[in-house]
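Okay, so here's the structure we're looking at.
6 protein chains.
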Amino acid sequence: MLLHLSTWTEVEAYLKHSQAIILPIGSTEQHSPMGLIGTDAICAQESARGVGDATGALVGPTIHVGMALHHCDFPGTISLRPTTLIQVIKDYLTCLTTAGFTKFFFINGHGGNIATLKAAFAETYGHLADLRLPNASLVKCRLANWFTCSSVYQLAKDLYGDQEGDHATPSEVAFTQYFYPEAIKEVHLSAEVCSENKIYSAADFRRRYPDGRMGSNPALAKPEHGKQFYELAVKELSNYYLEFVAGE
Amino acid sequence: MLLHLSTWTEVEAYLKHSQAIILPIGSTEQHSPMGLIGTDAICAQESARGVGDATGALVGPTIHVGMALHHCDFPGTISLRPTTLIQVIKDYLTCLTTAGFTKFFFINGHGGNIATLKAAFAETYGHLADLRLPNASLVKCRLANWFTCSSVYQLAKDLYGDQEGDHATPSEVAFTQYFYPEAIKEVHLSAEVCSENKIYSAADFRRRYPDGRMGSNPALAKPEHGKQFYELAVKELSNYYLEFVAGE
Amino acid sequence: MLLHLSTWTEVEAYLKHSQAIILPIGSTEQHSPMGLIGTDAICAQESARGVGDATGALVGPTIHVGMALHHCDFPGTISLRPTTLIQVIKDYLTCLTTAGFTKFFFINGHGGNIATLKAAFAETYGHLADLRLPNASLVKCRLANWFTCSSVYQLAKDLYGDQEGDHATPSEVAFTQYFYPEAIKEVHLSAEVCSENKIYSAADFRRRYPDGRMGSNPALAKPEHGKQFYELAVKELSNYYLEFVAGE
Amino acid sequence: MLLHLSTWTEVEAYLKHSQAIILPIGSTEQHSPMGLIGTDAICAQESARGVGDATGALVGPTIHVGMALHHCDFPGTISLRPTTLIQVIKDYLTCLTTAGFTKFFFINGHGGNIATLKAAFAETYGHLADLRLPNASLVKCRLANWFTCSSVYQLAKDLYGDQEGDHATPSEVAFTQYFYPEAIKEVHLSAEVCSENKIYSAADFRRRYPDGRMGSNPALAKPEHGKQFYELAVKELSNYYLEFVAGE
Amino acid sequence: MLLHLSTWTEVEAYLKHSQAIILPIGSTEQHSPMGLIGTDAICAQESARGVGDATGALVGPTIHVGMALHHCDFPGTISLRPTTLIQVIKDYLTCLTTAGFTKFFFINGHGGNIATLKAAFAETYGHLADLRLPNASLVKCRLANWFTCSSVYQLAKDLYGDQEGDHATPSEVAFTQYFYPEAIKEVHLSAEVCSENKIYSAADFRRRYPDGRMGSNPALAKPEHGKQFYELAVKELSNYYLEFVAGE
Amino acid sequence: MLLHLSTWTEVEAYLKHSQAIILPIGSTEQHSPMGLIGTDAICAQESARGVGDATGALVGPTIHVGMALHHCDFPGTISLRPTTLIQVIKDYLTCLTTAGFTKFFFINGHGGNIATLKAAFAETYGHLADLRLPNASLVKCRLANWFTCSSVYQLAKDLYGDQEGDHATPSEVAFTQYFYPEAIKEVHLSAEVCSENKIYSAADFRRRYPDGRMGSNPALAKPEHGKQFYELAVKELSNYYLEFVAGE
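Now the structure itself:
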């Protein structure tokens with residue numbers, strides 16, 4: 001059930017039997033000359049919709065822009081500062097908690113969002129308590145990265161070994177290829193790639209990783225891999241969601 | 001050309017011949033028991049993509065959540081506070097200006113965003129000057145509402161007369177029906193509807209407009225109307241975009 | 001009744017029969033080599049005092065500095081950033097609502113304030129609801145520009161035609177001349193003036209409008225015109241105020 | 001020379017021989033059932049104008065609302081939070097420093113502003129350095145309270161002794177009576193008054209000082225005293241201003 | 001009783017008989033080539049612990065970094081901006097008030113903190129009222145500088161006369177020597193020292209006071225003086241604390 | 001070398017051969033009825049000083065209060081909101097980078113700080129770039145938790161097995177016992193303890209973990225264990241520091 005294709009009366013009805021909502025969050029950032037700028041948002045959105053279909057959960061609109069300041073020396077990247085993203089999350093959850101939601105399951109497509117999202121959850125719990133909302137103490141946020149699902153991780157290792165790397169990975173590129181085959185890019189990438197995993201400033205990032213890849217070889221990606229990643233992610237995330245909703 | 005389906009090297013190439021980008025912005029808010037919560041985002045996104053196709057412009061990711069605090073007493077609404085939305089816009093434009101963009105064409109689907117967006121533009125011009133970006137003084141933002149296009153306005157008047165109303169209008173509902181016919185809702189709406197146009201707090205809004213409509217009869221909407229609205233909007237907005245890009 | 005010349009016990013008594021207050025807001029910004037830097041504040045303040053006299057309304061202190069970032073490349077301009085002005089308005093209205101006021105009638109002298117004020121109203125409604133003030137849901141803000149009164153607009157057109165322009169207009173200059181005849185400036189203005197109406201950054205503004213005028217000829221202003229403008233504005237704004245106070 | 005009655009070209013000319021400006025700041029707060037809510041703003045504004053006349057200094061618009069949170073349980077009080085006032089001052093001084101001003105002489109009418117203003121000066125020096133304005137390191141702010149001038153203090157002691165008190169003092173009430181004789185209030189005040197000088201929360205303030213006075217007897221005020229206070233303040237503040245402008 | 005060496009159950013027990021806590025605040029800033037960067041924090045911390053021992057008061061953790069922007073052109077200085085420090089204080093006091101504390105006694109070692117702390121107290125009173133904490137209106141903050149104790153001041157005058165100066169004073173240096181004799185520096189200081197007391201920007205400060213001293217001669221400091229200063233400060237501050245706790 | 005016991009001239013000299021600084025950060029929060037409220041700050045501070053002694057690194061003042069909102073329903077806890085802590089870190093690093101430091105090694109004693117610190121690093125890199133500091137792109141932050149050192153982790157497992165738990169662990173309690181044997185608490189703890197590891201709001205935390213422990217048995221702690229933990233942490237962190245300083 002997609003929030004954007006629902007009406008308020010349908011949401012009102014949904015709230016009678018569930019107070020949980022899935023919020024997909026991605027990023028708008030360079031993914032090397034081969035991966036799409038929307039990679040993380042696409043993966044998060046499609047995983048979330050798959051989980052929504054599998055579990056009946058309500059799925060909110062995708063947050064397309066996350067925390068990607070370190071990618072900002074590559075054109076096309078858009079990022080929020082961490083403090084802005086925290087305000088955004090706080091505003092979302094305040095609206096939704098006021099309406100009766102208490103369980104927020106974030107399906108995330110970008111490693112760079114993790115720290116800021118966790119900080120935002122803490123900020124929000126405090127804010128909701130300050131507002132004295134009656135359901136404030138029941139609110140629970142959970143962060144679920146599709147790319148750290150163990151089944152996904154295992155498949156990436158099996159298919160790509162060391163060439164999976166840390167950014168612009170073949171697994172995420174494959175995921176997007178499955179959904180957007182028309183946007184598969186034919187690009188020649190340098191054989192050499194920096195395999196460090198150090199993230200500091202945007203200027204340092206571009207110096208260190210000149211074409212944007214971190215130890216990866218996205219040329220290994222294939223749409224049919226993407227289908228596998230998608231299905232594994234949906235299955236594992238669905239279980240995780242159901243467990244979250246059932247738990248205290 | 002969709003930013004999310006492009007690579008950073010493609011954006012780099014695009015910037016050599018154009019420094020303009022289209023940013024669609026909608027809202028996630030109640031649109032009566034008949035209209036979709038994603039109405040404004042859908043209309044903005046599809047208009048923007050149409051304009052992108054017609055003009056070759058780069059189209060950024062849709063901002064799904066805008067300024068809709070007055071709708072927050074209806075479940076399913078999500079809103080940013082104005083000050084949060086201003087920070088979001090400032091962050092977006094700072095990234096994009098740093099990369100070389102200078103012309104920002106916002107295609108907007110929600111009246112409630114207008115004031116905050118204009119405030120955000122002013123805040124951003126000042127901020128870019130503070131940062132001493134070399135292209136700061138060239139930056140120009142333009143706000144284009146699909147629903148205030150004169151051709152759109154005229155068609156709505158012709159088709160619906162007074163029943164167009166001010167919120168959850170048949171024109172916007174028709175627009176979404178054309179793109180999501182599977183999400184057309186069969187709902188019985190009260191014949192009576194408050195035809196004022198006064199917006200204060202969320203609590204006042206719900207008291208004044210109990211089902212969320214402001215003077216509108218969305219039951220008049222038809223998908224084929226939506227096609228007409230879409231085509232008129234794309235045509236008029238494309239001209240407006242081209243004029244903006246050409247102008248000083 | 002001027003707040004500044006009243007005591008708290010008088011305000012307490014006033015609140016027993018009215019919960020409305022007028023807040024004049026202007027700007028401190030260049031108005032060409034002929035118009036006063038305080039033009040917008042003077043017009044707002046005098047209009048507000050006139051309405052206060054005509055209706056018995058309480059009139060608060062004038063907000064002299066508004067949102068004029070685009071004028072900041074001309075010396076003497078002082079501006080708040082939009083986010084600062086929003087905080088200012090929120091603080092004002094929080095104090096006044098706590099004291100029992102619920103209807104805020106802003107008499108505005110500056111077009112550049114409009115968007116930010118509307119954003120501030122939305123921010124404030126949300127904030128007051130967060131604070132759980134008992135009268136929060138009754139709070140209503142209204143923005144009334146003296147210069148968009150239809151009678152004022154018509155007179156300006158009759159007197160000046162196209163030479164009214166958009167900034168440093170003869171109508172606003174005349175208004176100040178009526179109140180400060182000692183500050184009428186004898187200046188020779190260039191016959192050429194840019195008649196565009198495009199506002200971006202401060203640097204762009206100064207390039208586009210080198211002496212600060214936007215399509216206007218303030219040399220046409222006369223103090224006796226100012227008297228007429230003043231009287232029309234007071235009359236029309238008084239009616240608007242009374243209707244606002246009476247309305248739900 | 002009043003900024004509000006000047007043009008930008010006059011300010012440009014002024015800046016060639018002086019980079020100093022006087023900024024009056026008051027408060028909008030209860031001053032007992034006898035003193036005016038605008039007392040502090042009136043005293044600051046009139047003192048500033050007097051100094052401007054005596055020294056040829058440029059005088060900016062009066063900041064009518066300062067930091068008066070502790071008075072907010074009395075109706076009619078309007079206050080900025082300290083963090084808001086800091087942003088306001090920062091915005092003012094950033095505009096003015098960009099234009100070429102470097103010496104800011106605040107004439108203050110309210111004790112409650114002092115701490116926040118000093119904090120604002122520090123915040124602003126840091127901000128201007130961050131902006132890398134060429135004249136940033138020359139900027140100097142000075143705070144001058146009319147009511148702590150030694151001559152003023154002495155006269156208050158001579159005229160009122162212990163009954164001068166700490167808030168709603170006869171000296172400040174007399175000052176306003178001199179300028180607004182039409183607003184002299186005939187009120188019977190209780191003979192008893194709390195003579196502590198402790199300021200905590202607004203609720204505590206109202207409990208401690210039920211009618212708003214802190215140890216004062218404003219009934220002693222006379223307009224002719226006000227004239228004396230005014231003249232002493234202008235003389236002493238003018239000297240202080242000239243010394244500030246001359247100093248390094 | 002040191003908060004850091006206590007458990008929450010001990011704090012719970014303490015709260016049954018006292019709602020007061022001492023919060024030491026210093027600064028991390030240059031104190032000339034002879035004084036320690038931690039001078040202000042050391043003096044505040046040791047004074048606070050002495051008062052805690054003498055009175056049984058609970059002593060919180062030392063705030064080591066305060067408002068020292070004007071010292072930032074000397075390496076080793078760390079400062080918060082005033083607005084940051086205000087948020088810090090507000091967060092501290094909100095936590096502590098929620099837990100039941102209502103009397104906050106700040107023992108301060110740095111003149112540059114005074115204005116910001118006072119602004120922070122006002123901001124906090126307002127914030128606690130907004131949160132509707134049941135004990136909000138009882139909250140009282142008090143600022144006690146060890147170096148403005150009259151006995152301390154008198155001893156400094158007796159020992160050093162004019163060479164006490166205003167920054168990197170022999171009294172504060174002596175205080176730290178008593179606690180950290182191993183960190184006594186042997187440095188040759190210039191005989192000349194600027195004896196002004198003017199604080200503006202960091203750049204101005206360094207120009208004006210090239211080695212960081214303001215009119216002082218810290219070479220006069222001796223550890224045995226430090227013992228005297230410490231004992232006088234503890235005695236006087238203890239009385240002040242007890243009076244604060246006993247008072248309404 | 002402790003910053004607080006150094007002078008600015010010593011820091012100036014230090015910067016000629018190293019641009020690195022260690023910043024210890026802890027928390028002020030409940031650690032069950034047995035563990036000290038200052039546990040995390042003590043462990044971070046002592047680890048940092050040990051590393052400083054072993055490597056010659058400069059050690060800044062301990063940040064005693066971190067992000068512990070989830071512990072705030074236990075008295076004695078003090079927390080910053082995540083957005084406040086981000087501002088604090090940004091202010092620290094801006095001062096230090098301006099002075100010439102570029103490598104910031106945070107030794108952390110509290111799991112709850114991790115997300116916010118990482119968000120703060122990202123925010124700071126962006127801010128330093130905005131300021132155009134010449135060394136901005138060289139700045140690198142590194143987070144090192146003493147409790148996640150592999151040697152520490154292994155010893156805890158060996159000594160305590162499952163009873164190490166997740167909060168108020170015997171390892172951290174032992175660490176503090178070694179440094180503060182006088183503050184060892186004799187308390188009877190319930191044999192039952194919740195062994196979940198779920199952190200949401202403060203109210204939820206207290207309901208879930210009634211005495212503050214998360215699956216731990218701090219009664220197993222002994223000062224001599226603490227000595228071992230301390231020595232292992234210092235050794236491992238020293239290597240990590242040296243590697244960080246040497247690396248690009």
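Chains as they are written, first to last, in the working numbering: chain E, 1 to 248; chain V, 1 to 248; chain S, 1 to 248; chain H, 1 to 248; chain U, 1 to 248; chain B, 1 to 248.
The beta-carbon is built from N, C-alpha and C at its ideal position, and this holds for glycine as well.
A quick note: this is a predicted structure, and the numbers were derived from the prediction, not measured.
| query | result |
| --- | --- |
| Buried/exposed call for SER150 (chain B), threshold 16 Cβ in 10 Å | exposed |
| Alpha-carbon spacing of ALA136 (chain B) relative to LYS140 (chain H), whole angstroms | 28 Å |
| Under the three-state DSSP convention, the category ILE273 (chain E) falls into | The first residue shown for chain E is 1 and the last is 248, placing residue 273 (chain E) beyond what the model contains. |
| Cβ-heavy atom distance, GLY60 (chain S) to the ligand FMN, below 7 Å | What this structure holds is no ligand at all, so the ligand FMN is not there to describe. |
| Length of the line joining the Cα atoms of LYS227 (chain U) and ASP40 (chain U) | 16 Å |
| Amino acids of chain E, ordered along the chain, whose beta-carbon sits closer than 7 Å to that of ARG81 (chain V) | ASP91 |
| Identity of the residue in U:THR94, U:ILE86, U:ARG49 and U:ILE184 nearest LEU58 (chain U) by Cα | U:ARG49 |
| Residue burial classification, GLN45 (chain S) (beta-carbon count within 10 angstroms, cutoff 16) | buried |
| Inter-residue Cα distance where the pair is ILE42 (chain B) and ALA115 (chain E) | 25 Å |
| CB contact flag (ARG213 (chain H), GLY165 (chain H), <8 Å) | yes |
| Residues near LEU232 (chain S) in its chain [Cβ-Cβ closer than 8 Å; skip 5 each side] | CYS149, SER151, VAL152 and LEU155 |
| Pair within 8 Å by beta-carbon distance, ALA174 (chain U) and ALA219 (chain U) | no |
| Where the stretch 97–109 of chain S meets chain V: residues whose CB sits under 7 Å from a CB there | none |
| Residues bridged to PHE106 (chain H) [DSSP beta-bridge criterion] | H:LEU23 and H:LEU143 |
| Candidates B:ASN197, B:LEU69, B:PRO223 and B:PHE121: closest to LYS198 (chain E) by CA position | B:PHE121 |
| Members of the stretch 39–54 of chain S that neighbour chain H once the beta carbon cut-off is set at 8 Å | ALA41 and ILE42 |
| Closest Cα partner of TYR200 (chain U) within the set H:GLU172, H:LEU69 and H:LEU143 | H:LEU143 |
| Element boundaries [alpha helix (DSSP H), containing GLY76 (chain E)] | Counting along the chain, GLY76 (chain E) falls outside any alpha helix (DSSP H), and DSSP gives it neither H nor E. |
| Cutoff 8 Å: HIS167 (chain E) Cβ touching any chain B Cβ | no |
| Three-state secondary structure assigned by DSSP to ILE63 (chain B) | strand |
| Cβ contact check for the stretch 8–15 of chain B and the stretch 176–187 of chain B: 3 or more pairs under 8 Å | no |
| Span separating the alpha-carbon of LEU69 (chain H) from that of LEU117 (chain H) | 15 Å |
| Short CB-CB distance (under 8 Å) between ALA174 (chain S) and chain V | no |
| Beta-bridge partners of LEU155 (chain H), as assigned by DSSP | Answer is none; LEU155 (chain H) lacks a bridge partner. |
| Sub-8 Å separation of LEU3 (chain B) and GLY38 (chain U) beta-carbons | yes |
| Partners in chain B for ILE86 (chain E), counting only beta-carbon separations shorter than 7 Å | PRO82 and THR83 |
| MET214 (chain S) - partner residues in DSSP beta bridges | S:HIS167 |
| Which of helix, strand or coil DSSP assigns to THR84 (chain B) | helix |
| Closest by C-alpha distance to PHE74 (chain U), when choosing among B:LEU96, B:ALA54 and B:ASP211 | B:LEU96 |
| Proximity test, Cβ basis, 8 Å: THR116 (chain B) and chain E | yes |
| Test: SER6 (chain S) CB closer than 8 Å to a CB of chain H | yes |
| Contact list for ALA144 (chain V) against chain S, beta-carbon separation under 9 Å | Correct list: empty, because the minimum Cβ distance to chain S is about 14 Å. |
| Inter-residue CB distance, VAL234 (chain S) and ALA54 (chain S) (contact presumed, cutoff 8 Å) | 6 Å |
| Cα-Cα separation between GLU192 (chain H) and ASN108 (chain S), rounded to whole angstroms | 44 Å |
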